[in-house]
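Residue 606 is where the sequence shown starts when you use our numbering, and the numbers rise one by one after that. Glycine is no exception: its CB is placed at the ideal position from the N, C-alpha and C atoms. Every value quoted in this text rests on a predicted model; they were computed, and no experiment measured them.
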Amino acid sequence: MRARPLARALSGTRLAAQADPGVAVAFDIDGVLIRGNEALPHAAESLARLDAGGVPWICVTNGGGVTEDVKAREVSELIGYEIEPSQMVCCHTPFRAKVPDFGKKRVLILGCRDVVGVMRSYGFEDIVTVQDIAEDDPSRYPFIDWKHRPLQPSLEERPVEAVFVVHDPVHWAPDVQITLDCLVAAPGGPAGKQTIPFFHANPDLVFAGRHSAPRLASGAFLEVISHMFHKVVGSPLRAELVGKPTKATFDFARYSLARRRDHVLAARGQESAEEASAHESHAVYGGEDAEVPPFRSIYMVGDNPTSDIRGANSAGGPWQSVLVRTGIFSQGENDKNDPGRHVKDGIKDAVELVLQDAGVADAEGRGRA
Numbered sequence: 606m607r608a609r610p611l612a613r614a615l616s617g618t619r620l621a622a623q624a625d626p627g628v629a630v631a632f633d634i635d636g637v638l639i640r641g642n643e644a645l646p647h648a649a650e651s652l653a654r655l656d657a658g659g660v661p662w663i664c665v666t667n668g669g670g671v672t673e674d675v676k677a678r679e680v681s682e683l684i685g686y687e688i689e690p691s692q693m694v695c696c697h698t699p700f701r702a703k704v705p706d707f708g709k710k711r712v713l714i715l716g717c718r719d720v721v722g723v724m725r726s727y728g729f730e731d732i733v734t735v736q737d738i739a740e741d742d743p744s745r746y747p748f749i750d751w752k753h754r755p756l757q758p759s760l761e762e763r764p765v766e767a768v769f770v771v772h773d774p775v776h777w778a779p780d781v782q783i784t785l786d787c788l789v790a791a792p793g794g795p796a797g798k799q800t801i802p803f804f805h806a807n808p809d810l811v812f813a814g815r816h817s818a819p820r821l822a823s824g825a826f827l828e829v830i831s832h833m834f835h836k837v838v839g840s841p842l843r844a845e846l847v848g849k850p851t852k853a854t855f856d857f858a859r860y861s862l863a864r865r866r867d868h869v870l871a872a873r874g875q876e877s878a879e880e881a882s883a884h885e886s887h888a889v890y891g892g893e894d895a896e897v898p899p900f901r902s903i904y905m906v907g908d909n910p911t912s913d914i915r916g917a918n919s920a921g922g923p924w925q926s927v928l929v930r931t932g933i934f935s936q937g938e939n940d941k942n943d944p945g946r947h948v949k950d951g952i953k954d955a956v957e958l959v960l961q962d963a964g965v966a967d968a969e970g971r972g973r974a
């Protein structure tokens, strides 16, 4: 099914909502909209109902490894409904905020897929990978036959000043070894101590894929590197985390929803393009002083209690957690450790809850995709 442009969703359906419903939604992707490479039932029609009612929504996923543009296009094609890049918050999207501090410094990045392209798209200019460092000095990890390729400038001339785990690492053994080398190798730093910051996207231990049992995620690598750092160095690894359930990601999601709200209102003629642009310029950076219109409710719809639900419950304020039974959580009344404020069978029932709160009558929007 071809994705329907958002403009048609907004203008081609009668909008029966109030000018600003005061409600917004953040969706997890895996286990809510899709499972593996297949759309879950009612995904497209549920998003269409929100668009028809003028309710802003975004996707907040601990997936990534590609730019937000690519991720939005991938999910759009799977579910048959257009998701715009501005509606996509990946696990690593908050790393944009690190560009002022590290954009011109040499950084080590880890992860699969196009993590180099992701970080370059954010504005990081001097990126090295585990392979780059191993090829510069093959003795760093001698169990692979690396081809010697010296780094220019050398690590002595321009050392690594931060480590970013952007997406799921694949080759854990060399990744752990060379990350440890970089974390304690800054010139002039105290021997055996962490000398540079370590940033990690996505603390999820597992995720729901096509396999019948959950699969290990990037959070599993975090557990390994943390354990090995403590064993080798003798002190805990100092790690700054982004991705659900961290406050950094839920704050970024709230500002992204504010940006989306302005876009929706402008498209419906409720706000001028100049006003929308002004709000968006604040919201995109997620600063604490940004002027964000108040939301009465922000619903986080997810399947992972330790990620989606814990994050929304901890974020407080307008956030309401909605646990669905289409992914990691699939049975029972609620999760014992991280209970959802609401529990629904799937996205269709979750969106019905949202529309009721928004006071939306969407007779024409129902089921259209």
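- Looking at the DSSP output, residue 782 bridges to nothing.
- If you look at residue 902, you'll find it in the beta strand (DSSP E) that goes 902-907.
- Around the beta carbon of residue 747, a 10 Å sphere encloses fewer than 16 other beta carbons of the protein chains shown; the residue is thus reported as exposed.
- Rounded to whole angstroms, residue 725 and residue 923 show a C-alpha spacing of 34 Å.
- DSSP, reduced to helix, strand and coil, places residue 806 within a strand of the structure shown.
- The residue among 775, 751, 778, 787 with its C-alpha nearest the C-alpha of residue 761 is 787.
- A straight-line Cα-Cα distance of about 21 Å links residue 700 and residue 905.
- In its chain, beyond the 5 residues on either side, 826, 829 have a beta carbon closer than 7 Å to the beta carbon of residue 777.
- With respect to the 8 Å criterion, residue 845 and residue 804 are classified as neighbours on the basis of their beta carbons.
- For the 8 Å CB-CB criterion, residue 903 and residue 631 form a contact.
- Rounded to the nearest angstrom, the gap between the Cα atoms of residue 662 and residue 750 is 48 Å.
- Within the same chain, Cβ atoms closer than 7 Å to the Cβ of residue 858 are found at 631, 663, 665, 694, the five residues on either side in sequence being excluded.
- If you draw a straight line from the Cα of residue 697 to the Cα of residue 963, it comes to about 30 Å.
- The DSSP-derived three-state label of residue 868 is helix.
- The C-beta of residue 798 has fewer than 16 other C-beta atoms within 10 Å across all chains shown, which makes the residue exposed.
- In the DSSP assignment, residue 926 falls within the unbroken beta strand (DSSP E) covering 924-929.
- For the pair residue 637 and residue 838, the CB atoms are not nearer than the 8 Å cut-off.
- Going by DSSP, residue 628 is part of the beta strand (DSSP E) stretching over 628-632.
- Measuring C-alpha to C-alpha distances from residue 641 to each of 938, 954, 931 identifies 931 as the nearest.
- Assignment of residue 934 by DSSP, reduced to helix, strand and coil, places it in the coil class.
- A contact is defined here as three or more CB-CB pairs under 8 Å, and the region 847-858 meets this definition with respect to the region 908-919.
- Taking the Cα positions, residue 729 is about 4 Å away from residue 708.
- Nearest in C-alpha terms to residue 944, of all of 744, 926, 802, is 926.
- One alpha carbon belongs to residue 634, the other to residue 651, and they sit about 13 Å apart.
- Counting along the chain, the unbroken beta strand (DSSP E) around residue 732 starts and ends at 731-734.
- Just measuring C-alpha positions, the residue of 668, 771, 649 sitting nearest residue 685 is 649.
- The three-state secondary structure of residue 777, taken from DSSP, is helix.
- Beyond the five residues adjoining it in sequence on each side, residue 833 comes within less than 7 Å, by CB distance, of 781, 785 in the same chain, given in chain order.
- If you draw a straight line from the Cα of residue 865 to the Cα of residue 645, it comes to about 24 Å.
- By the neighbour-count criterion, in which a residue is buried when 16 or more other Cβ atoms sit within 10 angstroms of its Cβ, residue 676 is buried.
- Just so you know, the alpha carbons of residue 941 and residue 935 end up roughly 13 Å apart.
- Burial is judged here by how many other beta carbons sit within 10 angstroms of a residue's own beta carbon; residue 711 has at least 16 and is buried.
- For residue 671 against residue 625, the beta-carbon gap comes to about 33 Å, at or over 8 Å, which does not count as contact.
- If you draw a straight line from the Cα of residue 773 to the Cα of residue 874, it is about 42 Å long.
- Separation of residue 806 and residue 771 (C-alpha to C-alpha, rounded to the nearest whole angstrom) is 5 Å.
- Close CB contacts of residue 810 within its chain, under the 8 Å cut and outside five residues either way in sequence, are with 821, 822, 824, 825, 828, 911 (chain order).
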